[in-house]
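> The structure follows.
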Amino acid sequence: MFFPVDYYHIYESLSDEERMIQRSIRQFVDEKFLPIIADFHARGVFPTELIPLLGEMGLLGVTIPEEYGGAGLSHTVYGLAMQELERGDSGLRSFASVQGSLVMYPIYTYGSEEQKRRWLPGLASGKLIGCFGLTEPDHGSDPGGMETKALKTDGGYILNGSKMWITNGMLADVAVVWAKLDGIVRGFLVEKERQGFTARAVKGKYSLRASDTAELSFMDCFVPEENILPQAQGLRAPLSCLNEARYGIAWGAVGAAMACYNEALEYSKTRTQFGRAVASFQITQQKLVEMLNEITKAQLLCRQLGLLKDNGKAQYYHVSLAKRNNVHMALDIARSARSILAANGITDEYQTIRHMLNLESVLTYEGTHEIHTLIVGEHITGFNAFK
Ligand code: TGC
Ligand code: FAD
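All residue numbers in the sequence shown are consecutive under the UniProt record's numbering, ending with 387.
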């Protein structure tokens, strides 16, 4: 049973509609997702049967206009949605954030009218699945060094190269692939059946087990002229998509932290040692208060970031600060919660260790903790410390 964590009544400042959406996603996670996640996590697969439901609830492309099948809602609603989904599992939020922010957003922002009409409604309903290929085996934090190349040919382009760690890569009907054409980063829509395009599952993950992760390879893969994203020119285009997804992660991580805090709090009240509830020991209380303290600060950060974004004032460095803070805080909370659950906390009878392991990936993807430090560091000092 999840008891909403809202020590400062932050969510009371939401509109009735926003609170209603928050409640309905919370209910979906409690009723449809939490009962099955331990099994999917153990088997290392994503629960694909929930995808149509995610579509029906408007969780795929929350901010994409309704005329293209999206929900046409605010960034604040998008954030709340990601928070509720990640309270279930980071893999569930990953699915929705890749589909919405990394596939639908670039098609909507950089695509032709035909591309938008062809892809967005199907992606919004979950009938089609997409993935986003930026990272390569040898280029993670430094995507500008990518080696995947596109060569102009009659009627289209030939792609060669590979992409690594791609969420939804095995499931995807279409991949948004970033490659250099004449030295400039461009985006291409590659359908799964294209000759020369293969996807191979990444095995052996201890983190984000209930998420599909793949390596994509392109060997003389032809894509027609109409598959290039006409408005996407340069590294700025994929980085702008990351801003959208990082924003959702900043909210999502708070959901994972709330799940861990809630579980540790409830456990500590019923678990007794030395004839007393472990919640009655000062050190346990200190851990719980630290958790609540950090969650409350992160909630305030999200709320304000959402308002900035809805008012068109959020900059990429605002997003980086929130992603950096909230994911790090969530991982700390997961570890601290696990210590309260002690031995029981290492099993899948409790959610905490699953969140803890997932958050190791979340700390790394969408820009590592260090990269976000340097993004904010460059903004406040004016010195670029990347290279
Ligand atoms: P740099 O020279 O700084 O910038 C190149 C051009 O891009 C502009 N720019 C941005 N534009 C929009 N949003 C941003 N956040 C931007 N950051 C920079 C910049 O102004 C410039 O524009 P122009 O017009 O002058 O050319 O680029 P750099 O090569 O020095 O790299 C900068 C750096 C390190 C910050 C960047 O590359 C970076 O963020 N690295 C981290 C890579 C990353 O986050 N990868 C994520 C892959 S996708 C993923 O992980 C999905 S997980 C999904 C899930 O499962 O949930
Ligand atoms: P590296 O870049 O090799 O970094 C290694 C270490 O060096 C890190 O600690 C890093 O912070 C540090 N470092 C690097 N450069 C600097 C510097 N200049 N200063 C200081 N420290 C530095 N990518 C996609 O394109 N699409 C996806 O859908 C996707 N999904 C993912 C799903 C999962 C489960 C995971 C784990 C990753 C996913 N990624 C995806 C890839 C992810 O974005 C990269 O892993 C991430 O950007 C880091 O790259 P890397 O792992 O190659 O680390």
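Cβ atoms here follow ideal geometry from the backbone N, Cα and C, with glycine treated the same way.
Fair warning: this is a prediction, and the values are worked out from it, not measured in the lab.
Kindly indicate the opening and closing residues of the alpha helix (DSSP H) around I10.
Unbroken run through I10: none, as it is neither H nor E.
> Following a CB-centred definition, is Y365 positioned closer than 7 Å to any heavy atom of the ligand FAD?
Checking the Cβ of Y365 against the ligand FAD gives yes.
> Quickly, what does DSSP pair residue 388 with across the bridge? List them, please.
Outside the modelled stretch of the chain, which goes from 1 to 387, sits residue 388, for which no answer is possible.
> When you compare the stretch 257-277 with the stretch 306-316, are there three or more beta-carbon pairs, one atom per stretch, that lie closer than 8 Å?
The stretch 257-277, when compared against the stretch 306-316, does not touch it at the 8 Å Cβ threshold.
> Could you give the distance in angstroms between the alpha-carbon of A337 and the alpha-carbon of T352?
Rounded to the nearest angstrom, the two C-alpha atoms are 7 Å apart.
> According to DSSP, which residues form a beta bridge with A179?
A179 pairs with R186.
> Let me check one thing: in DSSP terms, what residues is A201 bridge-paired to?
Per DSSP, A214.
> Hey, how far is the Cα of R43 from the Cα of V77?
Going by the C-alpha atoms only, they are around 32 Å apart.
> Quick check on this structure: which residue in I184, G169 and L235 has the alpha carbon closest to the alpha carbon of T213?
Out of I184, G169 and L235, G169 has the C-alpha closest to the C-alpha of T213.
> By DSSP's criteria, V174 is part of a beta bridge. Which residues make up the other side?
In DSSP, V174 forms a bridge with G130 and E191.
> Can you tell me the Cα-Cα spacing of A179 and G122, whole angstroms?
Taking the straight line joining both Cα atoms gives about 25 Å.
> In angstroms, rounded to a whole number, what distance separates the CA positions of S240 and M329?
Rounded to whole angstroms, S240 to M329 spans 25 Å at the Cα level.
> Nearest CA to the CA of R236: which residue from G144, E290 and E294?
Checking every option, the nearest Cα to that of R236 belongs to G144.
> Would you call the CB atoms of S268 and G91 closer than 8 Å?
Going by C-beta atoms, S268 is not nearer than 8 Å to G91.
> When you measure from the CB of E67 to every non-hydrogen atom of the ligand FAD, does any distance come out below 7 Å?
No; taking the cut-off as 7 Å, the Cβ of E67 has no heavy atom of the ligand FAD nearer than that.
> By the DSSP assignment, the beta strand (DSSP E) with S162 in it spans what residues?
It spans G156 to T167 - the beta strand (DSSP E) in which S162 sits, taken as one unbroken run.
> When you measure from the CB of D89 to every non-hydrogen atom of the ligand TGC, does any distance come out below 7 Å?
No, Cβ of D89 sits at least 7 Å from all heavy atoms of the ligand TGC.
> When you compare only the Cα positions, how much space is there between V223 and V190?
Rounded to whole angstroms, V223 to V190 spans 7 Å at the Cα level.
> When burial is assigned at 16 or more other CB atoms within 10 Å of the CB, is K116 buried or exposed?
Buried: at least 16 other Cβ atoms inside 10 Å.
> DSSP state of L50, grouped into three classes?
Residue state, collapsed to three classes: helix.
> Less than 7 Å between the CB of T284 and some heavy atom of the ligand TGC, yes or no?
Answer for T284: no, Cβ out of range of the ligand TGC.
> Which parts of the stretch 207-277 are runs of the alpha helix (DSSP H), unbroken and 4 residues or longer, counting only runs that do not cross its ends?
List check, alpha helix (DSSP H) in window: 236-270.
> Shorter than 7 Å, the distance from the beta carbon of Y316 to the closest heavy atom of the ligand TGC, or not?
Correct: Y316 has its Cβ closer than 7 Å to the ligand TGC.
> How big is the Cα-Cα spacing for H372 and K297?
So the two alpha carbons sit approximately 19 Å from each other.
> Rounded C-beta distance between L363 and V327? I'm assuming under 8 Å.
Yes, L363 and V327 are in contact; Cβ-Cβ is about 5 Å, under 8 Å.
> Would you decide whether M146 is buried or exposed? Buried here means 16 or more other CB atoms lie within 10 Å of its CB.
Buried, by the Cβ-count rule.
> What are the partner residues of K149, as DSSP defines its beta bridges?
Beta-bridge pairing links K149 to N160 and K180.
> Look at N325 and D89 and say whether their C-beta atoms are less than 8 Å apart.
Not a contact, by the Cβ cut-off of 8 Å.
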